[in-house]
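The structure under discussion appears below in the form of structure tokens.
There are 2 protein chains.
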Amino acid sequence: MKDVNKDLNLSVIKAFKLLDVYLNDKQAWGVRELAKKTGYNKTTTYRLLSTLEALDIVQKNDNDKYILGLKLFELGNLVSVHKSLRYYSRIPLENIAKEIKETVHFGVLNNSRVLYLNKVESPLGLKVSTQIGSSQDAYCTALGKVLLAFSSTDQISDYLKHVKLKTCTLNTIVSSDGLLTELKQIREKEYALDMEELELGLICIAIPVFNKDKKIVAGISVSGPSSRFKPENIQSYLSIIKKGAFEIEAHIRDYN
Amino acid sequence: MKDVNKDLNLSVIKAFKLLDVYLNDKQAWGVRELAKKTGYNKTTTYRLLSTLEALDIVQKNDNDKYILGLKLFELGNLVSVHKSLRYYSRIPLENIAKEIKETVHFGVLNNSRVLYLNKVESPLGLKVSTQIGSSQDAYCTALGKVLLAFSSTDQISDYLKHVKLKTCTLNTIVSSDGLLTELKQIREKEYALDMEELELGLICIAIPVFNKDKKIVAGISVSGPSSRFKPENIQSYLSIIKKGAFEIEAHIRDYN
DNA sequence: TAAAATCGTTTCATAATACGAAACACTGTT
DNA sequence: AACAGTGTTTCGTATTATGAAACGATTTTA
Numbered sequence: 001m002k003d004v005n006k007d008l009n010l011s012v013i014k015a016f017k018l019l020d021v022y023l024n025d026k027q028a029w030g031v032r033e034l035a036k037k038t039g040y041n042k043t044t045t046y047r048l049l050s051t052l053e054a055l056d057i058v059q060k061n062d063n064d065k066y067i068l069g070l071k072l073f074e075l076g077n078l079v080s081v082h083k084s085l086r087y088y089s090r091i092p093l094e095n096i097a098k099e100i101k102e103t104v105h106f107g108v109l110n111n112s113r114v115l116y117l118n119k120v121e122s123p124l125g126l127k128v129s130t131q132i133g134s135s136q137d138a139y140c141t142a143l144g145k146v147l148l149a150f151s152s153t154d155q156i157s158d159y160l161k162h163v164k165l166k167t168c169t170l171n172t173i174v175s176s177d178g179l180l181t182e183l184k185q186i187r188e189k190e191y192a193l194d195m196e197e198l199e200l201g202l203i204c205i206a207i208p209v210f211n212k213d214k215k216i217v218a219g220i221s222v223s224g225p226s227s228r229f230k231p232e233n234i235q236s237y238l239s240i241i242k243k244g245a246f247e248i249e250a251h252i253r254d255y256n
Numbered sequence: 001m002k003d004v005n006k007d008l009n010l011s012v013i014k015a016f017k018l019l020d021v022y023l024n025d026k027q028a029w030g031v032r033e034l035a036k037k038t039g040y041n042k043t044t045t046y047r048l049l050s051t052l053e054a055l056d057i058v059q060k061n062d063n064d065k066y067i068l069g070l071k072l073f074e075l076g077n078l079v080s081v082h083k084s085l086r087y088y089s090r091i092p093l094e095n096i097a098k099e100i101k102e103t104v105h106f107g108v109l110n111n112s113r114v115l116y117l118n119k120v121e122s123p124l125g126l127k128v129s130t131q132i133g134s135s136q137d138a139y140c141t142a143l144g145k146v147l148l149a150f151s152s153t154d155q156i157s158d159y160l161k162h163v164k165l166k167t168c169t170l171n172t173i174v175s176s177d178g179l180l181t182e183l184k185q186i187r188e189k190e191y192a193l194d195m196e197e198l199e200l201g202l203i204c205i206a207i208p209v210f211n212k213d214k215k216i217v218a219g220i221s222v223s224g225p226s227s228r229f230k231p232e233n234i235q236s237y238l239s240i241i242k243k244g245a246f247e248i249e250a251h252i253r254d255y256n
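Here you go:
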């Protein structure tokens, strides 16, 4: 809580840092639990929560623990950033999911992470399921790698400077050189694969979505269990995903 | 800004009241514009916006005006209230929309208003389109009336005490007695109609969704232009919507 | 059954912070 | 050249947030 900041409302910052707890642990919290998580005083936490509750930003559940309230749902749905991406991606994603029968994701790079803007889940029982609005490390997912690959060289070197590549599985790329080579190959092939790099048994294909200036704005990925991703399927999957990407690109030519 | 409140963080309240501006006017705002809208001092508004920008709650658009930021999108998608309603309503709503080819809405009563939790738009060019997360007065919509009708008598009389029934069209019910009679009929028929009460040319059918205790938890509505809502269609529409309601009810039996 | 350990909540003197008028820098218009 | 818009910074003052301690109510442990 040092004041390196110029001149900001500290209690507003505190309030949102408290809400940030919910980004990591999506559960209901008590006053003392949140006080411990945030490092705030118990009374401070209590006062913040009372304030947020009065505003319908948080609310108590059946066990008198705090959960995020409906006002945040209302505000979240008003966010106009990437709104056209979200809007125009829906139907193409559904078409892809209908053909391939695997979960389809649509995301952008945000704060060095993949932010999922949209998804359509596989109709099958065994499937990948990610929450819209959640984010994931970029280096160990196909979607993240394809978004990185077509970023500027400055952005890529910045990414490597600030993000630690951690081992998720035996296949995870953990060296900067390894990732740079991988990104170069992705640029050449115009698609990315995640062969169990994030999680064992999980395979993922991703392709970029460009605007009219050939600048990357988003990516589409299809993911599922390795048992269903045979090498002979990947090419046909790619052409189906590319068809969806073309549809989206047709609508967002003025996106920047 | 009177302190009738017990002991709350006033600047946190100010911050969210500022964000509330976006609920009414979904546009980009400058510092002075927001200061005028909120009644805050220009400097206060500037400091609040700088704080919120540092937290990614708002961000500047191309014209250096403030819009809601992606952090709100992330938080909004974490809201767990009504999450299962939103989840289990999706496919039934899509099936209804596919059959009827009109826009289908799914909503609950929240703060005396209809809050739209989900929607599927009509595939036709001329269609009703409402924003998920937005809300609407209850008394002049079919969805609102059906949600009111099956509320407790206390809630209904409370509603009539606090909400002013304003004329939207010639058909709007503006008297308390008129609305009470209408709600009684809705309880008997188990569905509600909005015959151009909110907007001329706009017709809407709504039915309730109950939990296992026969308590209302949500409602489904189908809306479209009056030219496409012939009296002879309404009965067949109703049976299609009811089928969807049954599907949802099967999944939410423990909802309260 | 008593004691201890939780929980959320309230109090209040003190320390910290938000406030806002005024001045400033910048841009585009008259 | 004067004016009318922006957003931004400064700084003394008035307001507000802070947190240790005490409180009441449950639940758990001895």
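Here the protein sequences line up with chains S and V, keeping their order. The opening position of the first sequence corresponds to residue 1 in full-length UniProt numbering, with each subsequent residue numbered one higher. The opening position of the second sequence corresponds to residue 1 in full-length UniProt numbering, with each subsequent residue numbered one higher. Built from N, CA and C at the ideal position, the CB exists for glycine as well.
From the options, pick the residue whose C-alpha is nearest to that of residue i; which is it?
| i | options | result |
| --- | --- | --- |
| residue 168/S | 239/S, 197/S, 134/S and 184/S | 197/S |
| residue 222/V | 245/V, 162/V and 97/V | 97/V |
| residue 204/S | 67/S, 212/S, 213/S and 192/S | 192/S |
| residue 243/S | 91/S, 41/S and 16/S | 91/S |
| residue 135/S | 155/S, 79/S, 110/S and 158/S | 110/S |
| residue 256/S | 39/S, 94/S and 84/S | 84/S |
| residue 150/S | 166/S, 161/S, 183/S and 121/S | 183/S |
| residue 61/V | 75/V, 217/V, 41/V and 28/V | 28/V |
| residue 67/S | 87/S, 20/S, 42/S and 40/S | 20/S |
| residue 16/V | 95/S, 229/S, 47/S and 72/S | 72/S |
| residue 228/V | 137/V, 54/V, 122/V and 56/V | 122/V |
| residue 132/S | 75/V, 63/V and 43/V | 75/V |
| residue 189/V | 234/V, 202/V, 24/V and 152/V | 234/V |
| residue 146/V | 107/V, 207/V, 116/V and 35/V | 207/V |
| residue 55/V | 88/S, 18/S, 56/S and 77/S | 18/S |
| residue 108/V | 216/V, 236/V, 51/V and 13/V | 216/V |
| residue 165/V | 126/V, 138/V, 155/V and 40/V | 138/V |
Based on the DSSP output, what are the partners of residue i in its beta bridges?
| i | result |
| --- | --- |
| residue 66/V | 29/V and 60/V |
| residue 208/V | 219/V |
| residue 202/V | 225/V |
| residue 118/S | 106/S |
| residue 113/S | 110/S and 137/S |
| residue 192/V | 206/V |
Applying the 10 Å Cβ sphere with the 16-neighbour rule, what's the burial state of residue i?
| i | result |
| --- | --- |
| residue 102/S | buried |
| residue 253/V | exposed |
| residue 187/S | exposed |
| residue 22/V | buried |
| residue 118/S | buried |
| residue 10/V | exposed |
| residue 175/S | exposed |
| residue 32/V | exposed |
| residue 104/V | buried |
| residue 141/S | buried |
| residue 172/S | buried |
| residue 181/V | exposed |
| residue 232/S | exposed |
| residue 201/V | exposed |
| residue 88/V | buried |
Which first and last residues belong to the beta strand (DSSP E) in which residue i is found?
| i | result |
| --- | --- |
| residue 225/S | 216 to 225 |
| residue 19/S | Here residue 19/S belongs to no beta strand (DSSP E); instead the alpha helix (DSSP H) covers 10 to 24. |
| residue 106/V | 103 to 110 |
Would you kindly report the start and end of the unbroken alpha helix (DSSP H) that includes residue i?
| i | result |
| --- | --- |
| residue 84/S | 83 to 100 |
| residue 146/V | 142 to 149 |
| residue 237/S | 231 to 251 |
| residue 157/V | 153 to 162 |
| residue 50/S | 42 to 54 |
Next on the checklist: Residues of the stretch 66 to 94 of chain V in Cβ contact with chain S at a cutoff of 7 angstroms, in chain order, please.
Outcome noted: 67, 68, 69, 70, 72, 73, 74, 75, 76, 77, 78, 79, 80 and 81
Checklist entry - Mind listing which residues of the stretch 16 to 28 of chain S have their C-beta closer than 7 angstroms to chain V's C-betas, in chain order? => result 16, 19, 22, 23 and 26
Checklist entry - Using a Cβ cut-off of 8 angstroms, which residues of the stretch 191 to 225 of chain V contact any Cβ in chain S, in chain order? => result none
Item to check | Contact list for the stretch 170 to 185 of chain S against chain V, Cβ threshold 9 angstroms | outcome: Per Cβ criterion, the list is empty.
Checklist entry - Between the stretch 127 to 150 of chain V and chain S, which residues of the former have CB atoms less than 9 angstroms from a CB of the latter, in chain order? => result 131, 132, 133, 134 and 135
Next on the checklist: So if I threshold CB-CB distances at 9 angstroms, which residues from the stretch 45 to 68 of chain V count as touching chain S?
Outcome noted: 47, 48, 50, 51, 52, 54, 55, 56, 57, 59, 61, 62, 67 and 68
Item to check | Members of the stretch 237 to 256 of chain V near chain S, C-beta cut-off 7 angstroms | outcome: none
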